[in-house]
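Colleague:
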Amino acid sequence: MVVAHQPSNEQEKLRDIELPIIDLMAERSQVSKLIVKASENLGFFKVINHGVPQHVIKAMEDESYGFFSKPASQKQRAGPANPYGYGCKNIGFNGDYGEVEYLLLHTNPLSNSTISNDPTLFRCAVNGYVEAVRELACEILELMAEGLGVPDTSVLSNFLRDSHSDSLLRLNHYPPLQLLQLVNNRIGFGEHTDPQILTILRSNDVPGLQISPQDGFWIPVSPHPSTAFCVNVGDALQALTNGRFLSVRHRAMVNSCRRRMSMAYFGAPAPNARIACPHKLLSPHEPNLYRPFTWDEYKKATYSRKLGDTRLHFFRVQ
Ligand code: GA4
1 MVVAHQPSNE
11 QEKLRDIELP
21 IIDLMAERSQ
31 VSKLIVKASE
41 NLGFFKVINH
51 GVPQHVIKAM
61 EDESYGFFSK
71 PASQKQRAGP
81 ANPYGYGCKN
91 IGFNGDYGEV
101 EYLLLHTNPL
111 SNSTISNDPT
121 LFRCAVNGYV
131 EAVRELACEI
141 LELMAEGLGV
151 PDTSVLSNFL
161 RDSHSDSLLR
171 LNHYPPLQLL
181 QLVNNRIGFG
191 EHTDPQILTI
201 LRSNDVPGLQ
211 ISPQDGFWIP
221 VSPHPSTAFC
231 VNVGDALQAL
241 TNGRFLSVRH
251 RAMVNSCRRR
261 MSMAYFGAPA
271 PNARIACPHK
281 LLSPHEPNLY
291 RPFTWDEYKK
301 ATYSRKLGDT
311 RLHFFRVQ
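Counting with full-length UniProt numbering, you get residues 1 to 318 for the letters of the sequence shown.
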């Protein structure tokens with residue numbers, strides 16, 4: 001049974017809008033136009049016919065469920081999430097808290113061997129999954145560059161293909177609602193924007209994700225179709241498109257009687273990569289909104305603040 005979404009604050013309003021579902025097998029120029037439009041309007045969209053094999057997704061999901069089903073003492077052996085490892089309820093380093101447990105893995109390379117009883121199987125599942133979703137993220141970034149008319153269509157995907165890319169995989173596990181009814185805290189992961197370039201999210205069929213393209217309004221994202229990935233623009237991509245694409249605030253609520261599991265790949269640049277908008281997207285009428293910055297600089301700004309704080313405006317040209 002799915003319980004109605006409960007706004008935690010009376011001022012908040014829920015809106016029933018479905019995210020665009022983009023078929024990646026459709027005609028290429030149409031696909032790139034739809035992706036650009038969705039990235040400009042909502043910063044979020046879903047993709048189907050994405051080419052990530054079902055068995056690769058299943059292997060990762062099985063490992064993930066296996067990990068979260070272990071006793072706490074065993075999961076803690078993979079922690080703390082400082083910044084990679086197992087975390088429970090505490091998020092980041094500045095006192096943020098949510099009804100979630102998670103595993104944060106650097107994708108480059110995967111080194112933690114205390115995660116599974118069969119580390120080889122775990123490593124194979126993660127590496128297979130990461131490789132496939134990275135390819136998907138690169139394909140989407142190339143479609144975005146084409147749709148924007150940028151001459152070098154690999155200018156965005158090159159950030160993720162860099163062997164020093166700082167990309168992450170995050171596995172989240174949200175408890176079912178009945179466990180929380182007494183404490184009445186239904187925030188699984190509080191509102192925030194993703195700092196990276198692009199996020200590719202896969203979740204089980206339990207709802208919980210909400211996005212806020214406009215202050216005070218939240219749109220629940222349905223977990224359907226079950227074969228889809230949810231894609232969203234991160235802060236670095238907002239800067240790389242000079243504010244044309246939107247990095248939109250989102251959160252995860254705990255609002256179902258079933259447990260929710262999600263797997264997020266955060267495609268990021270290498271630490272020393274320079275984030276600057278391509279000239280093609282600038283003009284005398286649309287001058288640079290952001291000064292160039294490195295990913296390392298942006299990451300420092302991110303980790304020194306709270307989850308819900310905005311950070312990109314610190315990099316705006318005055
Ligand atoms: C949000 C997106 C990713 O999950 C994440 C998060 C990171 C963390 O959980 O350690 C942060 C958060 C995220 C943004 C602000 C800082 C850093 C927690 C936090 C309070 C892994 C990321 O890259 O930024």
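No residue lacks a Cβ here, since even glycine has one placed at the ideal position from N, Cα and C.
Rounding to the nearest angstrom, what Cα-Cα distance links W295 and G87 in this structure?
Modeller: Here residue 295 refers to the residue found at position 295 when the sequence shown is read from its first residue. Here residue 87 refers to the residue found at position 87 when the sequence shown is read from its first residue. W295 and G87: Cα-Cα distance of roughly 24 angstroms.
Colleague: Compare the beta carbon distance of P292 and A276 with 8 angstroms and say whether it is the shorter of the two.
Modeller: Translated into positions along the sequence shown, residue 292 becomes position 292. Translated into positions along the sequence shown, residue 276 becomes position 276. Yes.
Colleague: Please go through the same chain and pick out, in chain order, the residues whose beta-carbon is closer than 8 angstroms to the beta-carbon of G188, but skip the five residues on each side of it.
Modeller: Here residue 188 corresponds to residue number 188 of the sequence shown, with the count starting at 1. G98, E99, V100, N172, Y174, G208, R251, A252, M253, V254 and R260, listed in sequence order.
Colleague: Let me know the secondary structure DSSP gives residue 379 once reduced to three states.
Modeller: In the structure displayed, the chain extends from 1 to 318; residue 379 sits before or after that span and is not available.
Colleague: Any idea what DSSP makes of L237, helix, strand or coil?
Modeller: Indexing the sequence shown from 1 puts residue 237 at position 237. In the structure shown, L237 sits in a helix (DSSP, three-state: H, G or I).
Colleague: For A4, is the classification buried or exposed, using 16 other Cβ atoms within 10 angstroms of its Cβ as the cut-off for buried?
Modeller: Position 4 of the sequence shown, counted from the first residue, corresponds to residue 4. Because A4 carries a pLDDT of 36, less than 50, the predicted location of this residue cannot be relied on, and the following value inherits that uncertainty. Exposed, since its Cβ has fewer than 16 Cβ neighbours within 10 Å.
Colleague: Can you check which of these residues, K299, V233, A236 and G51, is closest to Y129 by C-alpha distance?
Modeller: Position 129 of the sequence shown holds residue 129. Nearest option by C-alpha distance: G51.
Colleague: Can you name the residues that DSSP bridges to G267?
Modeller: Here the question's residue 267 lines up with position 267 in the sequence shown. Looking at the DSSP assignment, G267 forms a beta bridge with L198.
Colleague: Can you find the residues in the same chain that come closer than 7 angstroms, C-beta to C-beta, to D166, ignoring five residues on each side of it along the sequence?
Modeller: Taking the sequence shown and counting its residues from 1, one reaches residue 166 at position 166. The answer, listed in chain order, is A268, P269, A270, P271 and W295.
Colleague: Exposed or buried, which one is R134 when buried takes at least 16 other CB atoms within 10 Å?
Modeller: As a working note, residue 134 is residue 134 in the sequence shown. Buried.
Colleague: State the start and end residues of the unbroken alpha helix (DSSP H) segment that holds A47.
Modeller: Position 47 of the sequence shown holds residue 47. Here the sequence assigns Val to residue 47, which means Ala is not the residue at that position. Segment F44 to I48 is the beta strand (DSSP E) holding V47; no alpha helix (DSSP H) there.
Colleague: With DSSP run on the structure shown, which of helix, strand or coil describes L156?
Modeller: For the purposes of this step, residue 156 is taken as residue 156 along the sequence shown, with counting starting at 1. Note: L156 maps to coil in three-state DSSP.
Colleague: What residues match up with H106 in a beta bridge as DSSP calls it?
Modeller: Reading the sequence shown from its first residue, position 106 is the one you call residue 106. Paired residues: L168.
Colleague: Just to confirm, are V221 and R258 a CB contact at a threshold of 8 angstroms?
Modeller: Here residue 221 corresponds to residue number 221 of the sequence shown, with the count starting at 1. Here residue 258 corresponds to residue number 258 of the sequence shown, with the count starting at 1. For V221 and R258, no; Cβs fall outside 8 angstroms.
Colleague: Going by Cα to Cα distance, which pick from A228, R249 and L289 is closest to I57?
Modeller: Along the sequence shown, one-based indexing puts residue 57 at 57. Measuring from the Cα of I57, the nearest candidate turns out to be A228.
Colleague: Please classify G308 as buried or exposed, where buried requires at least 16 neighbouring CB atoms within 10 angstroms.
Modeller: Numbered from its first residue, the sequence shown carries residue 308 at position 308. That one is exposed.
Colleague: Keeping to the same chain, check which residues put their C-beta closer than 6 angstroms to that of Y265; ignore five residues upstream and five downstream.
Modeller: Mapped onto the sequence shown, residue 265 falls at position 265. Around Y265: V133, L169 and I200.
Colleague: In its own chain, which residues sit with a C-beta less than 8 angstroms from the C-beta of P7, not counting the 5 before and 5 after it?
Modeller: Position 7 of the sequence shown, counting from 1, holds the residue named residue 7. Because P7 sits at a pLDDT of 48, beneath the cut-off of 50, its placement in the model cannot be relied upon, and the following sentence gives the value as read from the coordinates. Taken in chain order, the residues that qualify are K13, L14 and W218.
Colleague: Assuming S212 is part of the beta strand (DSSP E), what are its boundary residues?
Modeller: Sequence index remark: in the sequence shown, residue 212 carries index 212 (1-based). Taken as a continuous stretch (DSSP letters only), the beta strand (DSSP E) holding S212 covers L209 to S212.
Colleague: Since H55 sits in a beta bridge, which residues does DSSP pair it with?
Modeller: For the purposes of this step, residue 55 is taken as the residue at position 55 of the sequence shown. None; H55 has no bridge partner.
Colleague: In this structure, what does DSSP give as the bridge partners for P220?
Modeller: Position 220 of the sequence shown holds residue 220. Paired residues: Q210.
Colleague: Between which residues of its own chain and A239 is the CB-CB distance below 6 angstroms, once the five residues before and five after are set aside?
Modeller: By 1-based counting over the sequence shown, the position of residue 239 is 239. I275 and Y290.
Colleague: Quick check on the DSSP output: the alpha helix (DSSP H) that includes A252 runs from which residue to which?
Modeller: Working through the sequence shown from its first residue, we reach residue 252 at position 252. Per DSSP, A252 belongs to no alpha helix (DSSP H); it is in the beta strand (DSSP E), R249 to M253.
Colleague: Buried or exposed for R44, going by 16 or more other Cβ atoms inside 10 Å?
Modeller: Within the sequence shown, residue 44 is the residue found at index 44, counting from 1. Here residue 44 turns out to be Phe, not Arg, going by the sequence shown. Classification for F44: buried.
Colleague: Residue range of the alpha helix (DSSP H) that G190 falls in?
Modeller: Taking the sequence shown and counting its residues from 1, the one referred to as residue 190 is at position 190. Not the alpha helix (DSSP H): G190 falls in the beta strand (DSSP E), residues I187 to H192.
Colleague: T193: which of D162, Q210 and L177 sits nearest, CA to CA?
Modeller: Here the question's residue 193 lines up with position 193 in the sequence shown. Selected option, being the one with the closest Cα: Q210.
Colleague: With which residues is T294 paired in a DSSP beta bridge?
Modeller: On the sequence shown, residue 294 is found 294 positions in, with the first residue counted as 1. Partner(s): R274.
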